[in-house]
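Residue numbers for the sequence shown, in numbering that gives the first Met the number 0: 0 to 214. Structure first, then comments.
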Amino acid sequence: MVKLYGIGTNDADYKVTASEHVDGKLKTVWTCPYYIKWGNMLRRCYSPTYQAETPTYEKVKVEDSWLYFSNFKRWMETQYWEGGELDKDILSKGQSLLYSEESCCFVPRRVNSVLHMNSKTRGQWPIGVTLHPTGKFLTLCKDKEAKQKNLGFSSSPEIAHSKWQIFKADVVEHVANEYAVSPYYRKDVYNNLILVSEKLRDDYRNGRETVSMWT
0 MVKLYGIGTN DADYKVTASE HVDGKLKTVW TCPYYIKWGN MLRRCYSPTY
50 QAETPTYEKV KVEDSWLYFS NFKRWMETQY WEGGELDKDI LSKGQSLLYS
100 EESCCFVPRR VNSVLHMNSK TRGQWPIGVT LHPTGKFLTL CKDKEAKQKN
150 LGFSSSPEIA HSKWQIFKAD VVEHVANEYA VSPYYRKDVY NNLILVSEKL
200 RDDYRNGRET VSMWT
């Protein structure tokens with residue numbers, strides 16, 4: 000049996016894809032949604048191409064039982080997952096390097112994106128801060144509708160970053176409250192989102208640079 004990414008075993012008792020002839024060519028017209036989620040998880044952890052593009056996944060693994068598709072599917076069937084993204088960080092407060100039943104949940108894309116910190120590309124300034132050609136520091140942050148918002152200029156990167164912190168805290172709290180009335184809702188996930196908002200406010204009050212959403 001050929002293993003997916005050299006490690007995953009598809010032990011399904013049914014065909015996970017369906018094909019039809021379209022315009023004289025055989026094309027895949029359906030793929031099992033459970034298999035798609037499972038395959039994407041394995042790709043993040045075991046595809047050299049993906050890891051070259053996203054090195055933060057170099058040390059991330061999948062628990063042994065989930066290397067078998069049937070076990071992952073059995074767990075996924077107990078979750079509300081439609082349209083959601085598999086996340087391993089929120090429950091573990093960013094500490095897990097393992098995809099497992101204990102660390103994983105499904106969340107809306109907005110929840111995932113509001114916690115993303117693009118530290119690799121932001122350069123030398125604190126997150127949310129850009130040096131403008133005028134020599135002043137510009138603060139940018141996505142708002143409650145996930146649209147980039149200009150929060151104005153500041154005389155120092157520290158002041159510009161503090162603007163980002165308090166604005167971001169409000170946005171995270173707003174997203175948490177939206178999540179609370181969604182079908183994905185879990186109390187532990189909601190509580191950890193609120194902890195992120197509170198941490199941002201604490202960093203702001205204490206003049207501390209935010210380098211992680213969790214620590």
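Beta carbons: idealized from backbone N, C-alpha and C, even for Gly. Keep in mind it's a predicted model, so treat the numbers as computed, not measured.
In whole angstroms, what is the alpha-carbon distance linking residue i and residue j?
{"i": "V195", "j": "M212", "result": "6 Å"}
{"i": "M40", "j": "E101", "result": "15 Å"}
{"i": "I158", "j": "G93", "result": "27 Å"}
{"i": "R43", "j": "C31", "result": "19 Å"}
{"i": "I165", "j": "L199", "result": "7 Å"}
{"i": "W29", "j": "V128", "result": "44 Å"}
{"i": "M228", "j": "Y49", "result": "Nothing about residue 228 can be read from this structure; the chain reaches only from 0 to 214."}
{"i": "W65", "j": "K36", "result": "12 Å"}
{"i": "D63", "j": "K143", "result": "38 Å"}
{"i": "H131", "j": "W124", "result": "12 Å"}
{"i": "I126", "j": "I193", "result": "20 Å"}
{"i": "K2", "j": "F71", "result": "15 Å"}
{"i": "I89", "j": "S99", "result": "13 Å"}
{"i": "L150", "j": "K167", "result": "11 Å"}
{"i": "E52", "j": "K26", "result": "28 Å"}
{"i": "G229", "j": "V174", "result": "The requested residue 229 does not occur in the structure, where the chain is confined to residues 0 to 214."}
{"i": "V171", "j": "P156", "result": "22 Å"}
{"i": "G7", "j": "S69", "result": "11 Å"}
{"i": "R185", "j": "P54", "result": "30 Å"}
{"i": "D201", "j": "G38", "result": "39 Å"}
{"i": "H115", "j": "S95", "result": "15 Å"}
{"i": "S154", "j": "N205", "result": "19 Å"}
{"i": "T209", "j": "A179", "result": "25 Å"}
{"i": "N176", "j": "T214", "result": "22 Å"}
{"i": "A145", "j": "D169", "result": "13 Å"}
Within this structure, are the beta carbons of residue i and residue j separated by less than 7 Å?
{"i": "Y34", "j": "V15", "result": "yes"}
{"i": "D10", "j": "Y45", "result": "no"}
{"i": "S161", "j": "Y189", "result": "no"}
{"i": "W163", "j": "T133", "result": "no"}
{"i": "V113", "j": "Y183", "result": "no"}
{"i": "E84", "j": "R109", "result": "no"}
Sort out for me which residues DSSP pairs residue i with in a bridge.
{"i": "T16", "result": "T30"}
{"i": "K92", "result": "Paired residues: none, contrary to the question."}
{"i": "G7", "result": "L3"}
{"i": "K24", "result": "V21"}
{"i": "V106", "result": "E84"}
{"i": "Y98", "result": "V61"}
{"i": "N128", "result": "The question names Asn, but residue 128 is Val in the sequence shown. BP columns for V128 point to T138."}
State yes or no: is the beta carbon of residue i nearer than 7 Å to at least one beta carbon in chain D?
{"i": "P156", "result": "The question asks about chain D, but that chain is absent: this structure has only one protein chain."}
So, at 6 Å on beta carbons, what are the nonlocal neighbours of residue i in its own chain, with the 5 sequence-adjacent residues on each side left out?
{"i": "Y4", "result": "L41, Y45 and S46"}
{"i": "K135", "result": "F152"}
{"i": "Q78", "result": "F105"}
{"i": "W80", "result": "F105"}
Residues in the same chain with beta-carbon distance under 8 Å from residue i, minus the five sequence neighbours each way, listed in chain order, please.
{"i": "L97", "result": "V59, K60, V61, E62 and K87"}
{"i": "K148", "result": "L139, C140, K141, D142 and F166"}
{"i": "Y56", "result": "R43, C44, Y49 and Q50"}
In chain order, what residues of the same chain have a beta carbon less than 7 Å from the beta carbon of residue i, not counting five sequence neighbours either side?
{"i": "D187", "result": "L90"}
{"i": "M75", "result": "Y33 and K36"}
{"i": "S181", "result": "P107"}
Checklist entry - Hey, which unbroken runs of the alpha helix (DSSP H) at 4 residues or more fall wholly within the region 36–88? => result Complete alpha helix (DSSP H) runs here, min 4: 47–52 and 68–75.
Checklist entry - Whole beta strand (DSSP E) runs in the region 137–197 with 3 or more residues, listed along the chain? => result Within the region 137–197, the complete beta strand (DSSP E) runs of at least 3 residues are 147–153.
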